[in-house]
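Here our numbering = 1-based position in the sequence shown + 4.
Remarks on the structure that follows.
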Amino acid sequence: MVQIIDKKVNLEFPLGHHLHCLIAQLPNHLRRSEQGFALVDPEQKWLQVKSILDLVTAGEGNLKKLHFLMLPETSVPFARFNQLLAVIETGFRANTVTMFGMEHIRLKEYRLLLERFREDNGEALELVDKDIDSGDVLEMPVNWCCVAIKEASGRLRVFLEAKTHPFSGEEFLDKYHDLYRGRHLYLFRSKPACFNFMTLICLDYLYRDLYASNIKQIIDHANRLFFSSRQGLDTLFVIQCNPKPEHRAYQEVIRGFYGEYLEDLPGVRETITVFANSSDETRLAGLETEKGFGNSFVVINRHHKLATVQLSEFATDDFNGAPVCRLRFGSGTRLYYFNLPLHHELDPRTSRVPLKVHAILRWSPEGKWLRVSGEEMVGGFEIGAES
Numbered sequence: 005m006v007q008i009i010d011k012k013v014n015l016e017f018p019l020g021h022h023l024h025c026l027i028a029q030l031p032n033h034l035r036r037s038e039q040g041f042a043l044v045d046p047e048q049k050w051l052q053v054k055s056i057l058d059l060v061t062a063g064e065g066n067l068k069k070l071h072f073l074m075l076p077e078t079s080v081p082f083a084r085f086n087q088l089l090a091v092i093e094t095g096f097r098a099n100t101v102t103m104f105g106m107e108h109i110r111l112k113e114y115r116l117l118l119e120r121f122r123e124d125n126g127e128a129l130e131l132v133d134k135d136i137d138s139g140d141v142l143e144m145p146v147n148w149c150c151v152a153i154k155e156a157s158g159r160l161r162v163f164l165e166a167k168t169h170p171f172s173g174e175e176f177l178d179k180y181h182d183l184y185r186g187r188h189l190y191l192f193r194s195k196p197a198c199f200n201f202m203t204l205i206c207l208d209y210l211y212r213d214l215y216a217s218n219i220k221q222i223i224d225h226a227n228r229l230f231f232s233s234r235q236g237l238d239t240l241f242v243i244q245c246n247p248k249p250e251h252r253a254y255q256e257v258i259r260g261f262y263g264e265y266l267e268d269l270p271g272v273r274e275t276i277t278v279f280a281n282s283s284d285e286t287r288l289a290g291l292e293t294e295k296g297f298g299n300s301f302v303v304i305n306r307h308h309k310l311a312t313v314q315l316s317e318f319a320t321d322d323f324n325g326a327p328v329c330r331l332r333f334g335s336g337t338r339l340y341y342f343n344l345p346l347h348h349e350l351d352p353r354t355s356r357v358p359l360k361v362h363a364i365l366r367w368s369p370e371g372k373w374l375r376v377s378g379e380e381m382v383g384g385f386e387i388g389a390e391s
């Protein structure tokens, strides 16, 4: 099973104040290749990604307060990896975490990257080397992501994770269509803020065999953290390119994670789970979907409370009766900027809503990000009682 590796990072988040997250819900146009899936339009894709990086660098409005930036699974061209890191290192503000999914590469290339960033990925490199020693795996495709952390000192740290879950390509008899299964997940423990978070790739949130699962290991690890230090897992980030983001399997895991099917577990009781998906313009060669992709969402414990809202760009619900409050976004190509609630439930006597949407931007035909106005969202809205 996957190993959870603790990593201490220097992030000086404001104590006692909520943090800010930006989900970039972008379209992916993917085709099958000899090394998994490749972007059909890498240059056009990079221009769109670069436009988001430029927004964050400029920091207009309250974007200068941004702490977490999420790009979808398999959304960044591999050829632009170094350029993206350079923009983060030179342009982003300190105390910023950027999570992005990369175009698939071979395991031999992935290992070279682990070697390049050995200082931050030494344990992961050892796990990969064990797999390489055990068989002919260097040509296997890797679905991977990067967590780039610009610390309080301005130092850039680069952490790499490979997806642990199989995918549809493994239905081929040719073993070289198999996806390499990652062996590790990072738990980032930020000091002095005492804020702990993890990043997963899509179905890694669900992955399980007959005896264990990723999410059970995460819960157990967070509980050990709670009983040893009285800290828990504050936020779980999940980057996706998923045509079924609301499949029953997700609902079942969320129910268990937040205590309906299991005991009320202190290590994850106040965890905020953020699912960042690709947009409904996503196209994947060989896969036809009626509903398309899209719908990023944020889940918090039911002990928090959200007003019941139905707008064109976002809505709130309980995910079909789960013990949670959920903020569900629309499916279009958008930037969603919102705050992460404080990692404790609010005083039940207050009327303040813990989760707020600060801004929504849409991609225009001219290739620019334009703010969605309140008038555009108000049509057909409903506001009801708090849940």
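Don't be surprised by glycine CBs; every beta carbon is placed ideally from N, CA and C.
Fill in: Three-way DSSP call (helix, strand, coil) for residue 147 in this model
Start at 1 with the first residue of the sequence shown, and residue 147 comes out as number 143. Three-state result, residue 147: strand.
Worksheet item: What first and last residue would you give for the beta strand (DSSP E) that runs through residue 14?
Response: For the purposes of this step, residue 14 is taken as residue 10 along the sequence shown, with counting starting at 1. Per DSSP, the unbroken beta strand (DSSP E) holding residue 14 starts and ends at 7 to 15.
Worksheet item: Can the beta-carbon of residue 289 be found closer than 9 Å to that of residue 110?
Response: As a working note, residue 289 is residue 285 in the sequence shown. As a working note, residue 110 is residue 106 in the sequence shown. Contact flag unset, no.
Discussion item. Using 8 Å as the cut-off, can you tell me whether the segment 76 to 89 makes contact with the segment 234 to 246, which would need three or more C-beta pairs spanning the two stretches below that distance?
Written reply: yes
Item to complete: Could you spell out the range, first to last residue, of the beta strand (DSSP E) harbouring residue 190?
Response: Taking the sequence shown and counting its residues from 1, one reaches residue 190 at position 186. Residue 190 -> beta strand (DSSP E) spans 188 to 196.
Worksheet item: Based on Cα-Cα distance, which residue from 145, 341, 215 and 159 lies nearest to residue 302?
Response: Taking the first residue of the sequence shown as 1, we reach residue 302 at position 298. The shortest C-alpha separation from residue 302 is found at 341.
Worksheet item: For the beta strand (DSSP E) that contains residue 212, what are its first and last residues?
Response: What you label residue 212 is simply residue 208 of the sequence shown in a count that begins at 1. Looking at the DSSP string, residue 212 is not in any beta strand (DSSP E), and its letter there is neither H nor E.
Practice prompt. Reducing DSSP to helix, strand and coil, say where residue 152 ends up.
Written response: On the sequence shown, residue 152 is found 148 positions in, with the first residue counted as 1. It is a strand residue.
Worksheet item: What residue range is occupied by the uninterrupted beta strand (DSSP E) comprising residue 42?
Response: Sequence index remark: in the sequence shown, residue 42 carries index 38 (1-based). From DSSP, the beta strand (DSSP E) with residue 42 extends over 40 to 43.
Worksheet entry | Supposed contact pair residue 50 and residue 81 - C-beta distance, whole angstroms, cut 8 Å | In the sequence shown, the residue the question calls residue 81 occupies position 77. In the sequence shown, the residue the question calls residue 50 occupies position 46. About 5 Å separates the two Cβ atoms, so the contact holds.
Worksheet item: Which partner residues of residue 29 appear in the DSSP bridge assignment?
Response: Along the sequence shown, one-based indexing puts residue 29 at 25. The partner list for residue 29 (beta bridge, DSSP) reads 338.
Fill in: Segments of 4+ residues assigned as alpha helix (DSSP H) that fall wholly inside the segment 38 to 95
46 to 62 and 85 to 95
Worksheet item: So which of 346, 168, 282 and 33 has the shortest CA-CA distance to residue 48?
Response: Here residue 48 refers to the residue found at position 44 of the sequence shown. Considering only alpha carbons, the answer is 33.
Worksheet entry | Beta-carbon contacts of residue 216 that lie in its chain and below 7 Å, excluding the five residues immediately before and after | Position 212 of the sequence shown, counted from the first residue, corresponds to residue 216. Closer than 7 Å at the Cβ level, and outside the excluded window around residue 216, lie 5.
Discussion item. Give me the residue from 296, 113 and 92 with the minimum Cα distance to residue 144.
Written reply: As a position in the sequence shown, residue 144 is number 140, starting the count at 1. Nearest C-alpha to residue 144: 113.
Worksheet entry | Burial state of residue 391 (16 or more Cβ within 10 Å) | Walking along the sequence shown from the start, residue 391 turns up at place 387. A caution first: residue 391 carries a pLDDT of 36, below 50, which makes its placement in the model unreliable, though a value can still be read off. Label assigned to residue 391: exposed.
Worksheet entry | Classification of residue 21 by the beta-carbon crowding that lies within 10 angstroms, buried from 16 upward | Within the sequence shown, residue 21 is the residue found at index 17, counting from 1. Exposed is the label assigned to residue 21, since fewer than 16 other Cβ atoms lie within 10 Å of its Cβ.
Worksheet item: residue 119 by DSSP, collapsed to three states: which one?
Response: By 1-based counting over the sequence shown, the position of residue 119 is 115. Of the three classes helix, strand and coil, the one that applies to residue 119 here is helix, per DSSP.
Practice prompt. For residue 186, count neighbouring C-beta atoms within 10 Å of its own C-beta (all shown protein chains included) and say buried if the count is 16 or more, exposed if not.
Written response: Here residue 186 refers to the residue found at position 182 when the sequence shown is read from its first residue. It is buried - the Cβ of residue 186 has at least 16 other Cβ atoms within 10 Å.
Worksheet item: For residue 361, which three-state DSSP category applies?
Response: Residue numbering aside, residue 361 sits at position 357 when the sequence shown is read from its first letter. Strand at residue 361.
Discussion item. For residue 225, tell me which candidate among 207, 210 and 201 has the shortest Cα-Cα distance.
Written reply: Indexing the sequence shown from 1 puts residue 225 at position 221. With distances taken between Cα atoms, residue 225 lies closest to 201.
Practice prompt. Please report how far the alpha carbon of residue 97 lies from the alpha carbon of residue 183, in whole angstroms.
Written response: Here residue 97 refers to the residue found at position 93 when the sequence shown is read from its first residue. Here residue 183 refers to the residue found at position 179 when the sequence shown is read from its first residue. Residue 97 and residue 183: Cα-Cα distance of roughly 35 Å.
Worksheet item: Taking buried to mean at least 16 other C-beta atoms within 10 Å of its own C-beta, is residue 304 buried or exposed?
Response: Along the sequence shown, read from residue 1 onward, the residue named residue 304 stands at position 300. It is buried - the Cβ of residue 304 has at least 16 other Cβ atoms within 10 Å.
Worksheet entry | Length at least 4, wholly inside the segment 213 to 237: the alpha helix (DSSP H) runs in chain order | 218 to 233
Worksheet item: For residue 136, is the classification buried or exposed, using 16 other Cβ atoms within 10 angstroms of its Cβ as the cut-off for buried?
Response: Translated into positions along the sequence shown, residue 136 becomes position 132. With fewer than 16 other Cβ atoms within 10 Å, it is exposed.
Worksheet item: Between the C-alpha atoms of residue 331 and residue 283, what's the straight-line distance to the nearest angstrom?
Response: Taking the sequence shown and counting its residues from 1, one reaches residue 331 at position 327. Taking the sequence shown and counting its residues from 1, one reaches residue 283 at position 279. So the alpha carbons of these two residues sit roughly 16 Å apart.
Fill in: Beta carbon of residue 346 nearer than 9 Å to that of residue 365
Numbered from 1 along the sequence shown, position 342 holds the residue referred to as residue 346. Numbered from 1 along the sequence shown, position 361 holds the residue referred to as residue 365. No; because the gap between Cβ atoms is not below 9 Å, this pair is not in contact.
Discussion item. Quick check: the Cα distance between residue 207 and residue 379, rounded to an integer number of angstroms?
Written reply: Within the sequence shown, the letter at position 203 stands for residue 207. Within the sequence shown, the letter at position 375 stands for residue 379. Whole-angstrom Cα-Cα distance: 36 Å.
Worksheet item: Do residue 168 and residue 125 have their CB atoms nearer than 9 Å?
Response: What you label residue 168 is simply residue 164 of the sequence shown in a count that begins at 1. What you label residue 125 is simply residue 121 of the sequence shown in a count that begins at 1. No, the Cβ-Cβ distance between residue 168 and residue 125 is not below 9 Å.
Practice prompt. Would you grab the beta carbon distance between residue 239 and residue 276 for me? Rounded to a whole angstrom, and I think it's under 8 Å.
Written response: Here residue 239 is taken as the residue at index 235 of the sequence shown, counted from 1. Here residue 276 is taken as the residue at index 272 of the sequence shown, counted from 1. Correct: roughly 5 Å between the Cβ atoms.
Practice prompt. Give me the Cα-Cα distance between residue 367 and residue 336, rounded to the nearest whole angstrom.
Written response: Sequence index remark: in the sequence shown, residue 367 carries index 363 (1-based). Sequence index remark: in the sequence shown, residue 336 carries index 332 (1-based). Answer to the nearest angstrom: the Cα atoms are 9 Å apart.
Fill in: DSSP state of residue 321 mapped onto helix, strand, coil
Along the sequence shown, read from residue 1 onward, the residue named residue 321 stands at position 317. Strand at residue 321.
Discussion item. Let me confirm a value: residue 18 is counted as buried when at least 16 other C-beta atoms fall within 10 Å, else exposed. Which label applies?
Written reply: The residue given as residue 18 occupies position 14 in the sequence shown. Exposed, by the Cβ-count rule.
Worksheet entry | Opening and closing residue of the beta strand (DSSP E) in which residue 107 lies | In the sequence shown, the residue the question calls residue 107 occupies position 103. Run containing residue 107: 100 to 110, per the beta strand (DSSP E) assignment.
Fill in: Delimiting residues of the alpha helix (DSSP H) encompassing residue 244
Walking along the sequence shown from the start, residue 244 turns up at place 240. Careful: residue 244 lies outside any alpha helix (DSSP H) and carries neither H nor E.
Practice prompt. Name the two residues that bound the continuous alpha helix (DSSP H) containing residue 261.
Written response: Locating residue 261 in the sequence shown gives position 257, counting from the first residue. 252 to 261 is the span of the alpha helix (DSSP H), which, as asked, contains residue 261.
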